[in-house]
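Here's the structure we're looking at; comments come further down.
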Amino acid sequence: MAMSDAAQVKALDDRCPRCGGAFHCGVSDAGPCACTTVTLSAALQAQLRERWSGCLCVSCLATLAGGAELEPGAQATRST
Ligand SMILES: [Zn+2]
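Mapping to the working numbering: the sequence shown position 14 is 270, numbers consecutive.
Set out below in structure tokens:
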């Protein structure tokens, strides 16, 4: 079963496309991924899928869930 090892190692070495930080996506793990602790709205999830094909780190997901901009450097548009 050595052939599956490569894919597994690769899954452990993800890079967040938003902040560029290395993180571990647990989607291939036996246990639940850390991102399951972050609740994102359906609309936000759709935006993320459209912009990025892969996972983001939990830190970014949590930030986005809190209402942050998709891009860290994006100009904040306050509607309040
Ligand atoms: Zn990130």
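Where a beta carbon is used, it is the ideal one built from N, C-alpha and C, also for glycine.
Between the beta-carbon of Arg274 and that of Leu312 there is about 5 Å, and that keeps the pair under the 8 Å contact cut. Of the candidates Cys272, Cys289, Gly282 and Thr295, Thr295 places its Cα closest to the Cα of Gly323. The distance from the Cβ of Leu326 to that of Gln303 is about 6 Å, consistent with a contact at the 8 Å cut-off.
Between the C-alpha atoms of Trp308 and Arg271 there is a straight-line separation of about 12 Å. Taken in chain order, the whole beta strand (DSSP E) runs of length 3 or more contained in the segment 271-301 number zero.
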